[in-house]
Amino acid sequence: MQRGGKTVYGASIGVLMLETRFPRIPGDIGHAESFDFPMQYRVVRGATPDRAVRQDPRALVEDFIAAGRDLVDMGCDGITTTCGYLSLIQDQIKDALGVPVAASSLMQVPMVQALLPAGQKVGILTVSRPALTEAHLAAAGVAADTPVVGTEEGRAFCDGFLNDRLEIDIEACRADLLDAAQQLCTTHPEVGAIVLECTNMVPFAYDIRRATGLPVYSIESFLKWFQAGLMPRRFQSELADPRWR
Numbered sequence: 070m071q072r073g074g075k076t077v078y079g080a081s082i083g084v085l086m087l088e089t090r091f092p093r094i095p096g097d098i099g100h101a102e103s104f105d106f107p108m109q110y111r112v113v114r115g116a117t118p119d120r121a122v123r124q125d126p127r128a129l130v131e132d133f134i135a136a137g138r139d140l141v142d143m144g145c146d147g148i149t150t151t152c153g154y155l156s157l158i159q160d161q162i163k164d165a166l167g168v169p170v171a172a173s174s175l176m177q178v179p180m181v182q183a184l185l186p187a188g189q190k191v192g193i194l195t196v197s198r199p200a201l202t203e204a205h206l207a208a209a210g211v212a213a214d215t216p217v218v219g220t221e222e223g224r225a226f227c228d229g230f231l232n233d234r235l236e237i238d239i240e241a242c243r244a245d246l247l248d249a250a251q252q253l254c255t256t257h258p259e260v261g262a263i264v265l266e267c268t269n270m271v272p273f274a275y276d277i278r279r280a281t282g283l284p285v286y287s288i289e290s291f292l293k294w295f296q297a298g299l300m301p302r303r304f305q306s307e308l309a310d311p312r313w314r
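In this text, residue positions in the sequence shown follow my numbering: the first is 70, and each later residue adds one.
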């Protein structure tokens, strides 16, 4: 006899998507093949990149909660989003939905900081440094003096994703991220690890790691950890050793 209670099974994380049209390549949270476990998706209508980043996403909190409730009702045990700036509405969403919520990759910063030797700091790469305020950082538990560098002066990344371009030069985006990472490490030599605020940065994490030599954490690393708690791996309770049958 099996017990039910959900509509959809096997997809523990629900993703609250910004309403976008830009291309989402493998690695991006909005590309369904980016993770090796299934997730459920809901688009929050009207939640454009501009409104989530350059404006105040708290004006959209009821829309995110409504979409989140739909995901929970469908069977999700935890909720995430596709924008690190949504740390500002983390508390409202989790309190309204009653399930764990990982709204922003920035929530990893205190955990990563705890891993580093004395004298080293976590550095943040963000899509737009002017838009990332102390309020965003505080909402994610991040110290105000954390080193942060943005891509707003780059060739393609900030413009492409924040302005929701239908076409984006991915190689130019890669160059933007490598330039920003180099600036972060040069300006702040104390940086010992990097956290990527923007979920669209994940496809370039490997390149950043290789170029800087530093550990790189992103929404991918965060959600793998998140999923591991929502759906722990099940182990058999006996040794499968052919010598002992």
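Even for Gly, the Cβ is constructed at its ideal location relative to N, Cα and C.
Beta-carbon spacing of residue i, residue j below 9 Å
i	j	result
Pro-126	Phe-230	no
Asp-146	Ile-82	yes
Glu-32	Ser-197	Only positions 70 to 314 of the chain appear in this structure, which leaves residue 32 out of reach.
Ser-174	Leu-265	yes
DSSP three-state assignment for residue i, whether helix, strand or coil
i	result
Leu-283	coil
Ala-225	coil
Lys-75	coil
Thr-149	strand
Asp-139	helix
Gln-124	coil
Asp-310	coil
Met-270	helix
Gly-96	coil
Gly-115	coil
Residue i versus residue j: straight-line alpha-carbon distance, rounded
i	j	result
Glu-289	Met-70	36 Å
Cys-242	Ala-225	5 Å
Pro-186	Thr-256	19 Å
Gly-210	Tyr-78	32 Å
Trp-294	Arg-234	31 Å
Thr-195	Met-143	32 Å
Val-141	Ser-287	24 Å
Gly-223	Val-260	21 Å
Gly-153	Thr-268	7 Å
Ser-103	Leu-247	21 Å
Val-181	Ala-262	8 Å
Glu-203	Thr-215	10 Å
Pro-199	Ala-212	17 Å
Inter-residue CB distance, residue i and residue j (contact presumed, cutoff 8 Å)
i	j	result
Val-191	Val-178	5 Å
His-100	Arg-111	Not really, about 16 Å apart at Cβ, beyond 8 Å.
Glu-88	Ala-116	6 Å
Gln-252	Val-218	5 Å
* Please go through the region 166-235 and give each complete beta strand (DSSP E) segment of 3 or more residues, from N-terminal end onward. => 190-195 and 217-219
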